[in-house]
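Enquirer: For reference, each letter of the sequence shown is one residue, going 0 to 138 in numbering that gives the first Met the number 0.
Note that CB positions come from ideal geometry on N, CA and C, so glycine has one too.
Note that the structure is predicted; figures quoted are calculated from it, not measured.
Structure provided below as C-alpha cells; questions to follow.
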Amino acid sequence: MPFDAMHGNVGDYFMGRDMDGLIARLMENDQNVHGAPPAAKASVAALRRFEATKEMEADPVQECVVCRDRFNVGQSCTAMPCEHIYHEDCLAQWLGVHNSCPMCRMELPTDDDEYERSKQHREERRQSQENARPPTEGN
Ligand SMILES: [Zn+2]
Ligand SMILES: [Zn+2]
C-alpha cells in the first residue's frame, strides 16, 4: 500500500476527552499504521514554552487539539516549530508516542536512527520524482 494511503482522517482520533483512551488509540495507530517513533527528547526539550496570555484565553478558536480544551491565562503552553500551540502536558504526552504535530503533521526529529534514515530515503525519492521531467519532445 502506498504510504500516504495509510493515513486516515486525523479528526477521527479526537472524539471525546478521555486522555488515556486517546493515547491508547494513538499508540495503536502509531504502531499499526504510522510506524513513527516518538519525538527525540532533545527536540521536545528545545520547543518554545510560554504562559498562555489573556488574548489566547479570549480567542474562541484557540484550543489545544490534544485535549480539546481552551487555554487559560497563565497555563504552561508549548509551541511546535510550526507555531501550533498546545498545553505543555498535552504536547509532552503526544510527543511521547508521536513525532509529528497533531494539527499539520510537521515532524520533529526522533531518536530512532533507522526511522530517520527511512524518512530521508522517502524524502529523496519524493524529490527525485518531483525533479524528473518527461523528455522534451522534438529535441
Ligand atoms: Zn491540552
Ligand atoms: Zn503544526
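1. Pick helix, strand or coil for E82, following the three-state DSSP scheme.
2. Can you tell me which of the three DSSP states A45 falls into?
3. Go ahead and label C103 buried or exposed: buried means 16 or more other beta carbons lie within 10 angstroms of its beta carbon, across all protein chains shown.
4. How long is the line joining the alpha carbons of A41 and C63, rounded to whole angstroms?
5. Quick check: what's the CA-CA separation for N31 versus A39?
6. Measure the C-alpha to C-alpha separation of A45 and A131 and round it to an integer number of angstroms.
7. Tell me the rounded alpha-carbon separation between E122 and E115.
8. If you reduce the DSSP assignment to three classes, tell me which class A51 lands in.
9. Tell whether a beta-carbon distance below 8 Å holds between V60 and L94.
10. Report all residues from its chain with a CB closer than 8 Å to the CB of H86; omit the five preceding and five following residues, and keep chain order.
11. Less than 7 Å separating the Cβ of M55 from some heavy atom of ligand 2?
12. Indicate, with yes or no, if ligand 2 has a heavy atom lying under 7 Å from the CB of C89.
Expert: This is what the structure holds:
1. Working through the sequence shown from its first residue, we reach residue 82 at position 83. Residue state, collapsed to three classes: coil.
2. Residue mapping note: residue 45 aligns to position 46 of the sequence shown, counting from 1. In the structure shown, A45 sits in coil (DSSP, three-state: anything other than H, G, I, E or B).
3. Numbered from its first residue, the sequence shown carries residue 103 at position 104. That one is exposed.
4. On the sequence shown, position 42 is the one that residue 41 refers to. On the sequence shown, position 64 is the one that residue 63 refers to. So the alpha carbons of these two residues sit roughly 22 Å apart.
5. Taking the sequence shown and counting its residues from 1, one reaches residue 31 at position 32. Taking the sequence shown and counting its residues from 1, one reaches residue 39 at position 40. Confidence is the limiting factor: at N31 the pLDDT is only 41, short of 50, which leaves the residue's position unreliable, though a coordinate-based value still follows. Rounded to the nearest angstrom, the two C-alpha atoms are 20 Å apart.
6. Within the sequence shown, numbered from 1, the residue matching residue 45 stands at position 46. Within the sequence shown, numbered from 1, the residue matching residue 131 stands at position 132. Roughly 37 Å between the two C-alpha positions.
7. Counting from one through the sequence shown, the residue named residue 122 turns up at place 123. Counting from one through the sequence shown, the residue named residue 115 turns up at place 116. Approximately 10 Å between the Cα atoms of the pair.
8. Position 52 of the sequence shown, counted from the first residue, corresponds to residue 51. Coil at A51, not helix or strand.
9. The sequence position of residue 60 within the sequence shown is 61, counting from 1. The sequence position of residue 94 within the sequence shown is 95, counting from 1. Taking 8 Å as the Cβ cut-off, V60 and L94 do not qualify as a contacting pair.
10. Within the sequence shown, numbered from 1, the residue matching residue 86 stands at position 87. Hits under 8 Å: C63, V65, C66, D68, F70, Q74, S75, C76 and T77.
11. Here residue 55 corresponds to residue number 56 of the sequence shown, with the count starting at 1. Answer for M55: no, Cβ out of range of ligand 2.
12. The count along the sequence shown starts at 1 and reaches residue 89 at position 90. Checking every heavy atom of ligand 2 against the Cβ of C89, none is found closer than 7 Å.
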